[in-house]
Amino acid sequence: MEACGNAGTARSERLVALESLSGIVEALLFVSDDPLSIERISEVIGEAPKQVKRILAKLAAEYEAGERGFQLKEVAGGYRLYSHPAYAPYIEKMIRMWDTRRLSQASLETLAILAYKQPITRLTVNAIRGVNSEGVISSLVEKRLIRPVGRERSPGSPILYGTTKTFLERFGLRSLRDLPPLEEFAPDDETRRRIEEGLGGLRAKAGDPGGGDVSETVRGDGSEEVFDAKEFLDDGTARGGA
């Protein structure tokens, strides 16, 4: 009887040890940017490769059976945690939110001006902000949040910029008609006040709420077409696309 009791205790201890090791291996997989080989895990936790394989199989089964957010996959000679494909839409939404939050204050300020005043030239953005915005505008173009949408009928025919479909997606808008009040978009109260004053001054100077005189939009192939203000307002982009 004593021998049976000892055997049962030993089995219990092994199960506890396996659970503890599973947690350790899971933590290693979680913090690693690269796939972890069985040999590497074995070296770190001080267990035989066969034991490591059992732990990995146990974790993989738990992830699938428990409808967890992770999947354990064997790739490139090692094992790595991946987000479950079933939750991809939520992950994509979160990434879009992160991208927006990573915008600098200068970028957010410029984007706010452009969103509420578009189509708008770089010089007009400069006038509202009081600083050169060329670098910020170039960065927003690279991020596909804004794009050239036409040229203004004025000396030099400066490029007009407008928002893109990517902008609408990032901010959860169906069209520019869904833009929130400026206080919800501008980074801070001071920025909002400056934008409002700048827009008000420009409109008073222009003598109408529309600002500049828009001529044409530019197609993807470089040719020009007539600018349709209503269509621009409806989908947030010129007809050339995002």
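FYI, the numbering for the sequence shown is 38 to 279, going by our numbering. We treat Cβ as the ideally placed atom computed from N, Cα and C, and that holds for glycine.
- Query: Are the CB atoms of ARG105 and LEU66 nearer to each other than 8 Å?
  - Reply: Looking up residue 105 in the sequence shown gives position 68. Looking up residue 66 in the sequence shown gives position 29. Cβ atoms of ARG105 and LEU66: not closer than 8 Å.
- Query: Would DSSP call LYS110 helix, strand or coil?
  - Reply: Walking along the sequence shown from the start, residue 110 turns up at place 73. LYS110 falls in the strand class under three-state DSSP.
- Query: Expressed to the nearest angstrom, what Euclidean distance is found between the alpha-carbon atoms of PRO126 and ARG181?
  - Reply: The residue you call residue 126 lines up with position 89 of the sequence shown. The residue you call residue 181 lines up with position 144 of the sequence shown. Going from the Cα of PRO126 to the Cα of ARG181 covers about 20 Å.
- Within the same chain, show all residues whose beta-carbon is closer than 6 Å to that of SER57, passing over the 5 residues directly before and after it, in chain order. If you number the sequence shown from 1, residue 57 lands on position 20. Within its own chain, no residue has a Cβ closer than 6 Å to the Cβ of SER57 once the five positions on either side in sequence are excluded.
- Task: Check VAL168 in the structure and name its three-state DSSP category.
- Result: Sequence index remark: in the sequence shown, residue 168 carries index 131 (1-based). Coil, per DSSP.
- Message: Let me make sure I understand the geometry here. Which of ILE183, GLU76, PRO217 and GLY193 has the alpha-carbon closest to that of PHE204?
- Response: Mapped onto the sequence shown, residue 204 falls at position 167. Ranked by Cα distance from PHE204, the first of ILE183, GLU76, PRO217 and GLY193 is ILE183.
- Message: So for SER144, helix, strand or coil by DSSP?
- Response: Sequence index remark: in the sequence shown, residue 144 carries index 107 (1-based). Reduced to three states, the DSSP call for SER144 is helix.
- Could you work out which residue in GLY193, ALA152 and VAL173 is closest to LEU210 when comparing CA atoms only? By 1-based counting over the sequence shown, the position of residue 210 is 173. With distances taken between CA atoms, LEU210 lies nearest to ALA152 out of GLY193, ALA152 and VAL173.
- Item | Neighbourhood of ILE75 by C-beta distance below 7 Å, restricted to the same chain and skipping five residues each side | Walking along the sequence shown from the start, residue 75 turns up at place 38. Excluding sequence neighbours, ILE75 sits near PRO86, VAL89 and LYS90.
- Task: Whole angstroms is fine: what's the gap from THR158's alpha carbon to LYS202's?
- Result: In the sequence shown, counting from the first residue as 1, residue 158 sits at position 121. In the sequence shown, counting from the first residue as 1, residue 202 sits at position 165. Taking the straight line joining both Cα atoms gives about 19 Å.
- Message: So, under 8 Å CB-CB, SER144 and LEU177 are touching, yes? Tell me the CB distance rounded to an integer number of Å.
- Response: One-based indexing of the sequence shown puts residue 144 at position 107. One-based indexing of the sequence shown puts residue 177 at position 140. Right, their Cβ atoms sit about 6 Å apart.
- Task: Using the DSSP secondary-structure output, state which residues sit across from TYR119 in a beta bridge.
- Result: Sequence index remark: in the sequence shown, residue 119 carries index 82 (1-based). The partner list for TYR119 (beta bridge, DSSP) reads GLN108.
- Task: Take the Cβ of ALA113 as the centre, count every other Cβ of all protein chains shown within 10 Å, and call the residue buried at 16 or more, exposed below.
- Result: Within the sequence shown, the letter at position 76 stands for residue 113. By the neighbour-count rule (16 or more Cβ atoms within 10 Å), ALA113 is not buried but exposed.
- Query: What does PRO185 pair with, by DSSP beta-bridge criteria?
  - Reply: Counting from 1 along the sequence shown, the entry for residue 185 is found at position 148. In the DSSP output, where bridge partners are listed per residue, PRO185 has TYR198.
- Task: With DSSP as the reference, label CYS41 as helix, strand or coil.
- Result: Translated into positions along the sequence shown, residue 41 becomes position 4. Confidence in CYS41 is poor, its pLDDT being 47 and thus under 50, which makes the residue's placement unreliable; the coordinate value appears in the next sentence. Reduced to three states, the DSSP call for CYS41 is helix.
- Put LEU73 into one of helix, strand or coil per three-state DSSP. As a position in the sequence shown, residue 73 is number 36, starting the count at 1. Look at LEU73 here: in three-state DSSP terms it is strand.
- Message: If you follow the alpha helix (DSSP H) that ARG91 is in, where does it begin and where does it stop?
- Response: Here residue 91 corresponds to residue number 54 of the sequence shown, with the count starting at 1. Unbroken alpha helix (DSSP H) run through ARG91: 86-102.
- Which listed residue (PRO185, ALA64, LEU160 and SER175) has its alpha carbon closest to that of PRO192: Here residue 192 refers to the residue found at position 155 when the sequence shown is read from its first residue. It is LEU160.
- For VAL162, is the classification buried or exposed, using 16 other Cβ atoms within 10 angstroms of its Cβ as the cut-off for buried? Against the sequence shown, residue 162 aligns to sequence position 125. Flag for VAL162 reads buried.
- Message: I'd like the list of long-range same chain contacts for SER170, defined as Cβ closer than 7 Å, with 5 residues on each side in sequence excluded.
- Response: Counting from one through the sequence shown, the residue named residue 170 turns up at place 133. Closer than 7 Å at Cβ, skipping near neighbours: THR147, ARG159, VAL162 and ASN163.
- What residues match up with ILE157 in a beta bridge as DSSP calls it? As a working note, residue 157 is residue 120 in the sequence shown. Paired residue(s): TYR198.
- Message: Helix, strand or coil for SER175? Go by DSSP, reduced to three states.
- Response: To locate residue 175, count along the sequence shown from 1; it is residue 138. Helix.
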